[in-house]
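A.B. asks: If you scroll down you'll find the structure; I have some questions about it.
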Amino acid sequence: MKPPTQTNAHSEDRLLDAAKAALRKAVRPVTFSGAGLSAESGIPTFREAQTGLWAMYDPMALASPEGFATDPELVVGWYNERRRNVASAQPNAAHCAMAGRQDIVHVTQNVDNLLERAGANDVVHLHGSLDRDKCSGGCGHREDIDLANPLPLRPCPLCGHWMRPDVVWFGEQLPRVGWLRADQLAAEADVFVVIGTSAQVYPAAGLIATARRADAIVIEVNIEPGATPGIQLTGPAGRIVPELLSL
Ligand code: OAD
Numbered sequence: 107m108k109p110p111t112q113t114n115a116h117s118e119d120r121l122l123d124a125a126k127a128a129l130r131k132a133v134r135p136v137t138f139s140g141a142g143l144s145a146e147s148g149i150p151t152f153r154e155a156q157t158g159l160w161a162m163y164d165p166m167a168l169a170s171p172e173g174f175a176t177d178p179e180l181v182v183g184w185y186n187e188r189r190r191n192v193a194s195a196q197p198n199a200a201h202c203a204m205a206g207r208q209d210i211v212h213v214t215q216n217v218d219n220l221l222e223r224a225g226a227n228d229v230v231h232l233h234g235s236l237d238r239d240k241c242s243g244g245c246g247h248r249e250d251i252d253l254a255n256p257l258p259l260r261p262c263p264l265c266g267h268w269m270r271p272d273v274v275w276f277g278e279q280l281p282r283v284g285w286l287r288a289d290q291l292a293a294e295a296d297v298f299v300v301i302g303t304s305a306q307v308y309p310a311a312g313l314i315a316t317a318r319r320a321d322a323i324v325i326e327v328n329i330e331p332g333a334t335p336g337i338q339l340t341g342p343a344g345r346i347v348p349e350l351l352s353l
């Protein structure tokens with residue numbers, strides 16, 4: 107990224123002021139976040155060249171029901187590495203600023219627990235959570251997982267199918283209750299703050315269009331200039347989000 111020129115800095119200040127003014131008036135503000143929110147905590151994103159997880163690993167081998175059926179041990183081992191990484195990470199300034207705004211509902215695609223560890227009490231996880239396992243056979247059995255000491259591949263104690271991370275894989279449906287709530291929140295939002303997502307994975311990314319159809323003001327925080335029409339705040343979430351959400 108180029109350093110801002112003075113003119114750029116002025117227009118960035120104006121955009122930030124406009125975004126803050128919109129949030130001050132908001133009655134039903136919602137955030138919608140992705141991997142960029144946790145990047146400054148040391149959690150890798152997915153689609154960034156070289157450093158993104160999907161630049162280094164095959165998503166279909168590690169994050170699909172077919173990949174799990176082919177090599178469940180590999181998949182569980184990979185997720186357990188990610189779990190240990192999250193356990194040793196700390197919430198960053200963006201998580202803390204979001205947690206400090208108890209009036210805002212936070213919808214996230216992230217499977218980490220950094221918003222909760224920062225103190226957020228209303229987080230909708232669209233893609234599941236690393237801190238639970240579920241039975242891959244669909245019997246409904248779930249177990250909490252200590253991220254620092256995740257359990258190895260093992261059978262479900264109720265039905266004998268393999269236990270697997272309770273996250274959404276490619277080709278799978280989103281958790282129904284969370285999705286319905288997120289869709290309704292987007293449809294009723296007056297300000298919709300999109301933080302650190304490439305907005306390429308549907309149906310989650312469709313929430314932005316839903317909010318726009320509802321005439322919400324869309325604010326996008328991203329380290330790269332975004333393509334989302336609305337107020338663009340370009341820079342790291344750890345710097346911009348605390349400025350944006352401070353009252
Ligand atoms: P991506 O890796 O696709 O996008 C990360 C976004 O964060 C990019 O737009 C970056 O420019 C931006 N970014 C990186 N660092 C940032 C920072 N410090 N501050 C602000 N923005 C930053 O990740 P997601 O959009 O979350 O799904 O990906 C969506 C889904 O695809 C994930 O939930 C996951 C993945 O496959 C499943 O696993 C089902």
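According to our numbering, the sequence shown holds residues 107 to 353 in order. C-beta: ideal position from N, C-alpha, C; glycine also. It should be emphasised that the depicted structure is a prediction, and the values quoted were computed from it without experimental measurement.
Does the Cβ of Ile314 lie closer than 8 Å to at least one heavy atom of ligand 1?
C.D. replies: The answer is no for Ile314.
A.B. asks: Which one or two residues does DSSP pair with Phe138 in a beta bridge?
C.D. replies: DSSP output for Phe138 lists Val213 and Val300 as bridge partner(s).
A.B. asks: Closer than 8 Å: is that where the CB of Glu330 sits relative to any heavy atom of ligand 1?
C.D. replies: True, at least one ligand heavy atom lies under 8 Å from that Cβ.
A.B. asks: Judging by CA-CA distance, which residue of Val182, Pro197 and His247 is the nearest neighbour of Ala169?
C.D. replies: Looking at the Cα atoms, Val182 is the closest of the given residues.
A.B. asks: Determine which residues share a DSSP beta bridge with Gly234 and list them.
C.D. replies: DSSP output for Gly234 lists Val273 as bridge partner(s).
A.B. asks: Please confirm whether Thr303 and Gly140 have their CB atoms less than 9 Å apart.
C.D. replies: Going by C-beta atoms, Thr303 is nearer than 9 Å to Gly140.
A.B. asks: Looking at the structure shown, is Asn219 part of a helix, part of a strand, or coil, going by DSSP?
C.D. replies: In the structure shown, Asn219 sits in coil (DSSP, three-state: anything other than H, G, I, E or B).
A.B. asks: Given this structure, state the Cα-to-Cα distance separating Val327 from Thr340, to the nearest angstrom.
C.D. replies: Distance between the alpha carbons of Val327 and Thr340 is about 6 Å.
A.B. asks: State buried or exposed for Arg282, treating a residue as buried only when at least 16 other CB atoms are found within 10 Å of its CB.
C.D. replies: By the neighbour-count rule (16 or more Cβ atoms within 10 Å), Arg282 is not buried but exposed.
A.B. asks: Any chance the CB of Ile337 is under 8 Å from a heavy atom of ligand 1?
C.D. replies: No, ligand 1 has no heavy atom inside 8 Å of this Cβ.
A.B. asks: Quick one: residues in its chain with C-beta nearer than 8 Å to the C-beta of Tyr163, no 5 flanking neighbours on either side, listed in chain order?
C.D. replies: The answer, listed in chain order, is Trp184.
A.B. asks: DSSP state of Cys262, grouped into three classes?
C.D. replies: Three-state result, Cys262: coil.
A.B. asks: Consult DSSP for Glu326 and reduce its assignment to one of helix, strand or coil.
C.D. replies: DSSP places Glu326 in strand when its eight states are reduced to three.
A.B. asks: May I ask whether a heavy atom of ligand 1 can be found less than 8 Å away from the beta carbon of Ser242?
C.D. replies: No, the beta carbon of Ser242 sits no closer than 8 Å to any heavy atom of ligand 1.
A.B. asks: According to DSSP, is Glu249 helix, strand or coil?
C.D. replies: Here Glu249 sits in strand by DSSP.
A.B. asks: Count the other CB atoms, across all protein chains shown, that sit within 10 Å of the CB of Thr157; report buried if there are 16 or more and exposed otherwise.
C.D. replies: Classification for Thr157: exposed.
A.B. asks: Using a Cβ-Cβ cut-off of 7 Å (strictly less than) and excluding sequence neighbours within five positions of Arg318, which residues of its own chain qualify?
C.D. replies: Here the set comprises Val324.
A.B. asks: Near Leu259, which residues of its chain fall below 7 Å by C-beta distance, leaving aside the five closest residues on each side in sequence?
C.D. replies: Hits under 7 Å: Pro178, Glu179, Val182 and Trp268.
A.B. asks: Which word fits Asp321, buried or exposed, when buried means at least 16 other C-beta atoms lie within 10 angstroms of its C-beta?
C.D. replies: By the neighbour-count rule (16 or more Cβ atoms within 10 Å), Asp321 is not buried but exposed.
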